[in-house]
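See structure below.
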Amino acid sequence: MRTYDLAIVGTGGIAAVHAADVARLGGRARIGAVVDVDPDRLRAFTARLAELGLPEPQGYPDLDSLLAERRPDLVDLCTPPGLHAPQAIACLTRGLTVLCEKPPALSLAEFDRIAAAEAAGGGRFATVFQHRFGSGAANLRRLVGDPRLGDPLTAVCHTLWYRPDAYFAVPWRGRWDVEGGGPTMGHGIHQMDLLLSILGPWREVVAVAARRARPTDTEDLSGALVTFASGAVASVVNSLLSPRETSHLRFDLDHASVELTHLYGYGDGDWTVTAAPGHEQEVAEAWAEGPTGRPSGHGAQLSAVLDALDAGRTPPVGTAEARDTMELVAAIYASAFTRRPVGCGEIGPGSPFYERMEGPGAPWPAVRTGAAA
Numbered sequence: 015m016r017t018y019d020l021a022i023v024g025t026g027g028i029a030a031v032h033a034a035d036v037a038r039l040g041g042r043a044r045i046g047a048v049v050d051v052d053p054d055r056l057r058a059f060t061a062r063l064a065e066l067g068l069p070e071p072q073g074y075p076d077l078d079s080l081l082a083e084r085r086p087d088l089v090d091l092c093t094p095p096g097l098h099a100p101q102a103i104a105c106l107t108r109g110l111t112v113l114c115e116k117p118p119a120l121s122l123a124e125f126d127r128i129a130a131a132e133a134a135g136g137g138r139f140a141t142v143f144q145h146r147f148g149s150g151a152a153n154l155r156r157l158v159g160d161p162r163l164g165d166p167l168t169a170v171c172h173t174l175w176y177r178p179d180a181y182f183a184v185p186w187r188g189r190w191d192v193e194g195g196g197p198t199m200g201h202g203i204h205q206m207d208l209l210l211s212i213l214g215p216w217r218e219v220v221a222v223a224a225r226r227a228r229p230t231d232t233e234d235l236s237g238a239l240v241t242f243a244s245g246a247v248a249s250v251v252n253s254l255l256s257p258r259e260t261s262h263l264r265f266d267l268d269h270a271s272v273e274l275t276h277l278y279g280y281g282d283g284d285w286t287v288t289a290a291p292g293h294e295q296e297v298a299e300a301w302a303e304g305p306t307g308r309p310s311g312h313g314a315q316l317s318a319v320l321d322a323l324d325a326g327r328t329p330p331v332g333t334a335e336a337r338d339t340m341e342l343v344a345a346i347y348a349s350a351f352t353r354r355p356v357g358c359g360e361i362g363p364g365s366p367f368y369e370r371m372e373g374p375g376a377p378w379p380a381v382r383t384g385a386a387a
């Protein structure tokens, strides 16, 4: 079994989650290098790796220093969103494989530059959308269109979370220019990606967005109706204003309703399947045939990434899939701020929403000094 050399860039909270998952991989990967501009954070993170039983990595003050000395098998970007595109491009132009936390870029234009660097440099790029990888999601993807459950008709995708004002004291949070958006971009994107992975291509969006309560330049609430190529319609709500936090998805098919209720990750027990009258046995049998036992999470996706590297394939979720999700996010903002429906493929070069998620600007004043209008 090959042991892959992994470099983690950024040592915040999500990097600690990634490191813990590496420790559970049974030697499939080792963290050979860690990058952070803050030497105190770098030392603290290295100490945490030791507590996990992982060998001490080489520390670097910036990505350029790392790339000047090493060629990791996998570069794991755990930095704030505004750094993702330039760091990914620096790695991809050297032909490296990149796993990047969400959102992978601040705009569709930035994302397309990542894809261009991937194509030109021979590297490979994947975005962390870990909810695709639980067994429940794999089971439902297998059954959409199966005559026992039928075709999808309608769906619900609600990310109802709570973040107090103090959460936005971190300088890059709540700003268009360095975070790219609010809960639509940075929080609900996980559930929306799972929605798309199950229902397939979307066709049109009608949306609203608002800043209701938080000291941000971005929205703290959005809602949308998304029509899919299949004709299915989904309601999508993204909120940071909801004291009873939940992540809830529901898929109503011809003969069954399939529901997922969790917060930041799910297991098999978080799924509920309700058959339409007269279809109980066939629905139960169909669901029981599927995979079980794999919770969603970064570890599940990291394992899938290493499986892909073993097979010489592009790791999941690649640029084409991630771009679909980014385009849906951009369309929600475009529809909300222009007050009209936005179709898939409509936002391209020449559209203000291609260069920036807020387009020409949100319909409310900025609250942070120096932030983008």
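So the sequence shown is numbered by the working numbering: it starts at 15 and just counts up by one.
Just so you know, even glycine gets a beta-carbon here, dropped at the ideal spot from N, CA and C.
Keep in mind it's a predicted model, so treat the numbers as computed, not measured.
- The alpha-carbon separation between L255 and W186 amounts to approximately 19 Å.
- For the options P291, Y280, V251, P329, the alpha carbon positioned closest to that of T306 is the one of Y280.
- Y18 sits buried, since 16 or more C-beta atoms from the chains shown fall within 10 Å of its C-beta.
- Per the DSSP secondary-structure output, N252 pairs in a beta bridge with T173, S236.
- Counting every other CB atom within 10 Å of its CB across the protein chains shown gives V184 a total below 16, marking it as exposed.
- The closest CA to that of A336, considering only A270, S211, A376, H312, is found on S211.
- By DSSP's assignment, A270 forms a beta bridge with A289.
- Contiguous beta strand (DSSP E) elements confined to the stretch 66 to 117 occur at 72 to 74, 88 to 91, 111 to 114, taking only those with 3 or more residues.
- Excluding sequence positions up to five before and after E259, its CB lies within less than 8 Å of the CB of L174, W175, Y176, L277, all in the same chain and listed in chain order.
- With fewer than 16 neighbouring CB atoms inside 10 Å of its own CB, Q295 falls in the exposed class.
- Judged by pairs of C-beta atoms under 8 Å, the stretch 76 to 86 does not touch the stretch 348 to 367, as fewer than three such pairs exist.
- Here P363 is exposed: its Cβ has fewer than 16 other Cβ atoms, across all protein chains shown, within 10 Å.
- In the DSSP assignment, L20 falls outside any alpha helix (DSSP H) and within the unbroken beta strand (DSSP E) covering 18 to 23.
- DSSP, read as helix, strand or coil, puts L122 in helix.
- Residue L97 holds the alpha-carbon nearest to the alpha-carbon of D50 among M206, L88, L97, E124.
- By the C-beta criterion, the stretch 127 to 147 is judged not to be in contact with the stretch 40 to 59, since fewer than 3 inter-stretch pairs fall below 8 Å.
- Look at I45 here: in three-state DSSP terms it is strand.
- Counting C-beta atoms within 10 angstroms of its own C-beta, W301 has 16 or more neighbours from the protein chains shown and is therefore classed as buried.
- According to the DSSP assignment, W216 belongs to the beta strand (DSSP E) that extends over 216 to 224.
- S244 carries a coil assignment under DSSP once its states are collapsed to helix, strand and coil.
- Contact between G196 and D234 holds: their C-beta atoms lie close to 6 Å from each other, under 8 Å.
- In this structure, the alpha-carbon of P229 lies about 6 Å from that of D179.
- Taking L213 as the centre and dropping the five residues before and after it, the same chain places the C-beta of V158, P166, A169, F242, S244, A246, A248, F265 closer than 8 Å to its C-beta, in chain order.
- Taking 8 Å as the cut-off, the beta carbon of C114 is found closer than this to the beta carbon of L91.
- Between the alpha carbons of D284 and A82 lies a distance of about 45 Å.
- For P257, the three-state secondary structure derived from DSSP is strand.
- Shown here for A152: same chain residues with a beta carbon closer than 6 Å to its own, the five before and five after excluded, namely P305 in chain order.
- The Cβ-Cβ distance between T288 and A270 falls below 8 Å.
- The distance from the Cβ of E193 to that of P95 is about 5 Å, consistent with a contact at the 8 Å cut-off.
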